[in-house]
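Residue numbers are given in numbering that gives the first Met the number 0: position 458 of the sequence shown equals residue 457, and the series is strictly consecutive. For every residue, glycine included, the Cβ atom is placed at its ideal position computed from N, Cα and C.
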Amino acid sequence: MLADTVSVSATGSWSNARTTGNRSATCAWYGVPDSSGDDHQVRYGVPLGYSNCPSKDTGHRAQSGFGFQGNDVSAVTPGQPFMLGRFRHYNNPIVEPARPLERVDLRIALTIATAGGSQSPNLDFVLALHETVNDGWCEYDGTTNCPDKSWFVNTMPTDTFTIEGIEYTLEILGFQSSSTYDPSKVKNEFITEENQTNTAYLFGRITARVPAIMVDKSADPTSGMEGDPVQYSYVVSNSGDVALSNVTVSDNKCAPVTPVLSSGFNTGDINKDNKLDTTEQWRYTCSYTVDADDANASDEIVNTVTAQGKYQTTTVIATDTATVTLLTGDDCDDYEIDLTSSRYDAASNTTTFTYTVSVDSDAVHGLSHWVLGLDSCIAKSNIKAASHSYEFGTDPTTGVSGIKFNVAVGKGQSKTFWIRLNGEWPIGLTDTAIKAGQLKCYDKVEGPVCLPSIDVEKSVSVDGGTTWHDADDATGPMTNVGSPVRFKFFVKNSGKYPLSGVSLTDSDLSLSSCSVPTTLAVGASFECTVDATAIAGQHENTATASGQYDGQTVDDSDKAHYFGKSGDLTITKNVVGGTGTFSICITGPSPATTESCKQTSGGPVSWTGLVPGSYAVAEKGVDTDRWNVEIVSSPVQVTNGVTATVAITNTYIPVPGSITIVKKADPESDQSFAFTSDVPDYASFSLVDDGDGAGIGSITMSAAPGTYHIAEDLPDGWALSSLACQLAGDAPGSSYEISGNGVTIALAEGESVTCTFSNRGALSIAGAKFHDLNGDGDQDAGEPGLAGWTIQLEDSKGGVITTTTGANGAYSFDHLVPGSYTVAEVQQTGWRQTAPAAGAHNVTLTDADATGIDFGNQQLGGLTITKTVVGGTGTFNICITGPSPATTESCKSTSGGSVSWPG
């Protein structure tokens, strides 16, 4: 890159407005309308209201189109963004054109001035337009109806220019609404509103053209051994941004590297110019054969390809490697030859040997042929037939003599082969060989041999000997557990020599009932049968016969299988809300007459190996007062090979407890107190404490263990004075919590809780005793209270309580309940009562206190008259008349001395 800056001046011109099908856009026009000196424009389409294409003087400015006005920048650093100019989309309404503008060319001409001079390169870009239909669904968001979208198809042209020996081009960065560059906002799309001129600023940068090359190498196959061919493939691509010439490819281990050609050019040279363009991939190949030096050097071949190309005076290079894994004789494990059966057919007097030949999918090669070695006593004339064409003799590639099958078996394949020999042949180990590519593998496999031989065939019957099953493999015939099973043993001298010391044994059965000869002539045989009883599940036992010839012992074994049909039963015990040990019992055909029980405190209990059939399930000894028992379901059907399931759920029935609610009222009355609770069957109830037993003063509720809430609904005029609970027992598990006018009780199993709700009146009667100085029955200003007077309260039942007035004459009766009361004072000598006029107050309390129940008294005066008698004696009547009483004359008799009227 240049470190110095250059000055840049940009202008733009439009051309070739077209559809994507390369048809000229309708009414396309290019230039500066009205010679206004404005931006260079492209206009197209028939404006709304026009019937034909407009002329320059009659409406180009009414058409849709684009405009570009270049910018002059005095200092531009290559690689740094700068504003190229102002871009406009004149998005005017036009008649839907037959040939819409979808692509248009914009040539940006730069004048670049450096210290060494100036140059004026032209750089060509293609602008795309998606003009949307202005109704229906809109693809782009905007403020007007269905905006359009513009963008540059190519942001970097093929045109270049050179500054101080370095090739550059102009890269378009995109549009931005602001003329100040912001890398987070510039992008190569411009969404434009309908029926208006949309303006954006176009930014770009001067970018150097950088050459680069890349090569990718692969090998096929990726593994092999000495002598195997390997094909290398190479793909060379241009990872830079300029075309490369003089492209060459070489490999440090494989030569020659050959290009893949078509018509004299590399198949990847699309434009056939012998230059590797930025969009091209050129292909090459090279053939290689693994040699001894590779095999001796390491366990893999790693070789490197080098690709190079040239741009002007610059050479670019790239390398890549490929690895081929070398294989050894250990890879013989990928090939398998197995004897799958050997059958003698007495009718044709032939023995057929069948083999399976398999190749693993990850083997280095499929095999080309294989050889079954045959003893020298077996001649070609002994071979009656074979599954495939074959050769008889010694295989020159493996050195093994016998029968050779020239039949390929591919990787991941298995094939079956057989040979049929005249006569009956014993089985022994013989040689085999395979050829796979350069790999030769050897092994031993069972096959026909020239040895003394003995054969035992064991069969089984589950129907008393009517049907016999060879049953070499599981499962064999099926029968119920406990049923009779019969085994048959057939032993024959299958070799070419007489046998002595003959024996027969079985892995499971006693063969004492069998008559076993000590010798067997060639072809001679014997058999015996043995009875047994079926046991549960898969049964396998093996018979072994042996004999001797000339000091050599030969033997043979054969298996027999049967399956004792049985099923399993699992019973899951679910215990809810308690603990205990439970006895689970089943009754059914296995055994048919005996009950089988198992103990459990919960979880599964199982019976295995049951004879298939119906089984009854029961629980024994359960306390039904304390447990609810649910069995799902009984009887249950047990079938062969399946575990039947039953669920027994025991739900504990807890011992109920009790909650007693006691009502105490002060005073005792016939008031009914209502309660609410969540104890079942006791959602609401009422209690009365009337003192004579006529009302219900307590209630006892039976309840299961749990948490319950009981609350009192207080009647008007009553208050809850106390709430106390008592738990029964020395170590109770229950508990309670009192809150407000209720209690929450956690009731434990079998326990009792007693709670007493005490109530007293919430009302009061209050008043004052005053000195009615003027005797008018009202307490006037300055008339004081009278202390020490007794006030009586009598209820509707005749009960009387008293209180004494205080220092200021006040008194009150508290904790009263609703009802009718009489309030009176106890008269004192020397006073007369002035209020109330009736002498007492009758007060009825309902839901509010009574106040102002006042009493007034006026203190009385005294009058003493002294009678003096001078000079005689007599009885005299002394009389007074005045307000006490006002209209009555009061007289007293005296013979002398004082007479008095107190009060």
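Closest option to T4, judged by alpha-carbon separation, among P80, P92, V604, W606: P80.
For the 7 Å CB-CB criterion, I377 and V444 do not form a contact.
Of the candidates Y343, K414, C253, K414 places its Cα closest to the Cα of S367. Contact between Y561 and P476 is confirmed by a C-beta separation of about 5 Å, below the 8 Å threshold. By the Cβ criterion, the segment 503-519 is not in contact with the segment 464-479, since fewer than three pairs of Cβ atoms, one from each stretch, lie closer than 8 Å.
By the Cβ neighbour-count rule, W606 is buried, with 16 or more other Cβ atoms within 10 Å of its own.
In the structure shown, the three-state DSSP call for N295 is helix.
Counting C-beta pairs with one atom in each stretch, the segment 636-656 and the segment 570-580 have three or more that are closer than 8 Å, which means they touch. Contact between C440 and Y354 fails: their C-beta atoms lie close to 15 Å from each other, not under 8 Å. In the same chain as T284, and ignoring 5 residues on each side of it, the C-beta atoms closer than 6 Å to its own belong to S232, T257, in chain order.
In the structure shown, D454 falls within a strand segment according to DSSP collapsed to helix, strand and coil. As DSSP reads the structure, G30 sits in a beta bridge with Q40. The C-alpha of G620 is placed about 18 Å away from the C-alpha of S633.
Here T429 is buried: its Cβ has 16 or more other Cβ atoms, across all protein chains shown, within 10 Å.
Around Q230, the same chain offers D219, T284, S286 as residues with beta carbons nearer than 7 Å, after the five sequence neighbours per side are excluded. With a threshold of 16 other beta carbon atoms within 10 Å, D454 meets it and is buried. By the Cβ neighbour-count rule, C724 is buried, with 16 or more other Cβ atoms within 10 Å of its own. In this structure, DSSP gives S380 a helical state, which the three-state scheme calls helix. When T110, G608, S499 are compared, the shortest CA-CA separation from P588 is found for G608.
As the crow flies, the alpha-carbon of G776 is around 39 Å from that of S720. Taking 8 Å as the upper bound for CB-CB distance, T159 and E170 are not in contact here, some 11 Å apart.
Straight-line spacing of the CA atoms in S452 and V490 works out to 11 Å. Taken through DSSP and simplified to helix, strand or coil, D332 comes out as helix. Annotation for E782: F769, H770, D771, L772 place their beta carbon closer than 7 Å to its own, counting only its chain and skipping 5 residues before and after. Cβ neighbours of E526 within its own chain (closer than 8 Å, five residues either side excluded): K487, F488, F489, V490.
The segment 181-196 makes no contact with the segment 209-219; the number of CB pairs closer than 8 Å stays below 3. Comparing alpha-carbon positions, the option among V752, T743, S149 lying closest to P731 turns out to be V752. For Y389, there is no enclosing beta strand (DSSP E), as DSSP marks it with neither H nor E.
Residue pairing of H129 in beta bridges, as defined by DSSP: K148. Between G895 and V869, the C-beta spacing is not below 7 Å.
Within the same chain, and ignoring the five residues on either side of W424 in sequence, the residues whose Cβ sits closer than 7 Å to its Cβ are T350, P447.
Take D567, set aside five residues on each side of it, and the residues of its chain with a beta-carbon closer than 6 Å to its own are T607, T642, in chain order. Your pair Q547 and L498 checks out as a contact, with CB atoms roughly 6 Å apart and the cut at 8 Å. Around the beta carbon of S222, a 10 Å sphere encloses 16 or more other beta carbons of the protein chains shown; the residue is thus reported as buried. In the DSSP assignment, D442 falls within the unbroken beta strand (DSSP E) covering 438-447. A residue is called buried once 16 or more other Cβ atoms fall within 10 Å of its Cβ, and E888, having fewer, is exposed.
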